[in-house]
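Protein chains in written order, with the numbering used here: chain A, 5 to 271; chain B, 3 to 277.
Here's what the structure looks like:
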């Protein structure tokens, strides 16, 4: 029988099942660390309409010449509606992930229209590599916050809701770009020990590590749990920041690098 | 008729998940039931090894193509192909350059797609068709027309490939991608065609004393997982929470007749059952 026609490489014959590779000196590059990867909350911001969104977009536009920004959109109530019905129909997790993805796409298109005169540009996952072009042209690229896993999203125990939704998509975008921090614009002052919409006296947490946060074992979290898992293995994006976009000036301060809101960091 | 709900500054659509953050464990449990629909039952996933079969050239590929021809008429198959040595080389170069994990993942699919085109050229006469991701839902069309789709194996995680706990290489490769593709469509059986008789407790190419594992279960494997695996480790990490895949079979595609027997339901090679 013929031999395997191989090409010599450091990886040799080893199966590609991940892990450290002998003889490899991995010195990762950061693709564009100055970019601000910013999530516009779905339920927290976009579903609030003009009253909440316009002031946030105004701050973003005002910061345009100071910072390169990639805007990524969350889903919101329509995504929850989709997940509800899809769950009742007993559809697989991967199908929910694909279905849920349509809503952040709509939201990104809406934001693009609002930002068109300032250079707002709707982009797809396949356009990710064109970001350097968009930034050099002074554009404001807007895209879905969902990662492209869709039908390939892994099922998990006890729920059909996909683990990697828009928080994860935003986080992984920041990580692959080599950005040290991802910014999430929501409608609360960051993290609290309970959902402040249900417990108005919930205590605010300004800075906390992933390990400490997991120890708290909160029943509810401001961020998708999958993001915390990814952060433990991150090479670049070691911080995520949660900002109340409903308070004027917060977005500008976050874009300028201030620690407003809550920072969750990887140890 | 859905109601709109307002009052907290946001406009909601009435649903059981309305207003929820979706991170709450009790809320997540609302989106769960024991049953899950099978989107395309009666289809078997067949993965043709990249390094194990393709990289051996005509001598390994052509007999398998001969065997596949009639099998494609008899069974509903979804075929996937691995990438092989070119993927390894791509990863070597990319990691040496210091490209991020997501960047490496973005590159890998091209070499697999090459192999899918190769295989399609050989099988087109028997009724194969390459399956692009945008055509994910064209499967019923293919099957009703008597065609066999050839899918790209690696999952489309691309730049968004999560960081790997074990190192810079992407964790989600072609074996995993095809596993997920089969699982989401409700298939219960996947056959990985490689160049070994099946699963061993270590790499038989490197260890003369490697022990063949003829039949085992997922639980038994998890209790004693070999250090060197012929399949992506991610397959075994995803399998416990999968709803449909019951049987993973690893066969030697260099032995004529093995694939025919496996598709006929015989326990040729290694059979791993979920329970």
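C-beta: ideal position from N, C-alpha, C; glycine also.
Treat the numbers as computed from the prediction; the structure is a model and nothing was measured.
- prompt: Where in the stretch 67-144 of chain B do unbroken runs of the alpha helix (DSSP H), each at least 4 residues long, occur, reported from the N-terminal end onward?
  reply: 87-99 and 103-125
- prompt: If residue 43 of chain A sits next to residue 174 of chain A, beta carbons under 8 Å apart, how far is it from one beta carbon to the other, in whole angstroms?
  reply: 4 Å
- request: Note down, in chain order, all residues in the stretch 182-210 of chain A with a beta-carbon under 9 Å from any beta-carbon belonging to chain B.
  value: 182, 191, 199 and 201
- prompt: residue 275 of chain A and residue 195 of chain A: beta carbons closer than 8 Å?
  reply: Not covered by the structure: residue 275 of chain A. The range shown for chain A is 5 to 271.
- request: Report buried or exposed for residue 35 of chain B, applying the criterion of at least 16 other Cβ atoms within 10 angstroms of its Cβ.
  value: exposed
field: residue 58 of chain A at chain B interface by Cβ criterion, 8 Å
entry: no
- request: Compare the C-beta of residue 141 of chain B with all C-beta atoms of chain A and state if any pair is closer than 8 Å.
  value: no
- request: Starting from the Cα of residue 254 of chain B, find the closest Cα among B/103, B/27, B/195 and B/274 and give me that residue.
  value: B/195
Every unbroken alpha helix (DSSP H) inside the stretch 126-214 of chain A [4 residues or more]: 135-140 and 170-181
field: Unbroken beta strand (DSSP E) run spanning residue 40 of chain A, endpoints
entry: 40-44
- prompt: Is the CB-CB distance between residue 155 of chain B and residue 54 of chain B below 8 Å?
  reply: no
For residue 242 of chain B, the nearest candidate out of A/67, A/132, A/162 and A/201 (CA to CA): A/162
query: For the alpha helix (DSSP H) that contains residue 83 of chain A, what are its first and last residues?
result: 81-92
query: Ends of the alpha helix (DSSP H) at residue 183 of chain B?
result: 176-186
field: Rounded C-alpha distance that separates residue 183 of chain A from residue 74 of chain A
entry: 11 Å
- prompt: Hey, is residue 248 of chain A's beta-carbon within less than 8 Å of any beta-carbon in chain B?
  reply: no
field: Rounded C-alpha distance that separates residue 89 of chain B from residue 57 of chain B
entry: 11 Å
- prompt: From the beta carbon of residue 270 of chain A, is the nearest beta carbon of chain E less than 8 Å away?
  reply: No chain E appears in the structure shown, which is made up of the protein chains A and B.
- request: With distances taken Cα to Cα, identify the nearest neighbour of residue 39 of chain B among B/14, B/190, B/15 and B/174.
  value: B/190
- prompt: Near residue 123 of chain A, which residues of its chain fall below 8 Å by C-beta distance, leaving aside the five closest residues on each side in sequence?
  reply: 68, 141, 142, 143 and 144
message: Please list, in chain order, the chain A residues whose beta carbon lies closer than 8 Å to that of residue 39 of chain B.
response: 93, 94, 95 and 96
query: Below 8 Å between beta carbons: does that hold for residue 159 of chain A and residue 245 of chain B?
result: yes
message: For the beta strand (DSSP E) containing residue 245 of chain A, name the first residue and the last one.
response: 243-248
message: Taking the straight line between their C-alpha atoms, what separation do you get for residue 180 of chain B and residue 85 of chain B?
response: 13 Å
task: Give the single residue among B/52, B/91 and B/23 whose Cα lies nearest to the Cα of residue 83 of chain B.
output: B/52
query: Taking 8 Å as the CB-CB cut-off, is residue 203 of chain B touching chain A?
result: no
message: Quick check for students: name the residue ranges of the beta strand (DSSP E) that lie wholly in the stretch 168-246 of chain B, counting only runs of 3 or more.
response: 191-196 and 217-219
- request: Classify residue 124 of chain A as helix, strand or coil using the three-state DSSP reduction.
  value: strand
- prompt: The beta strand (DSSP E) with residue 272 of chain B in it runs from where to where?
  reply: 272-275
- prompt: Per DSSP, what kind of secondary structure is residue 30 of chain A in: helix, strand or coil?
  reply: coil
- request: Pair every Cβ in the stretch 102-119 of chain A with every Cβ in the stretch 147-157 of chain A, then say whether three or more of these pairs are closer than 8 Å.
  value: yes
Proximal residues to residue 32 of chain A (C-beta, below 6 Å), its chain only, five neighbours per side dropped: 239
message: I'd like to know if residue 194 of chain B contacts chain A, where contact means its C-beta is closer than 8 Å to some C-beta of that chain.
response: no
message: Which residues in chain B have a C-beta closer than 8 Å to the C-beta of residue 11 of chain A? List them in chain order.
response: 87, 88, 90 and 91
query: Closest by CA to residue 235 of chain A, which one among B/152, B/230 and B/167?
result: B/167
- prompt: If you measure from the beta carbon of residue 210 of chain B to each beta carbon in chain A, is any gap under 8 Å?
  reply: no
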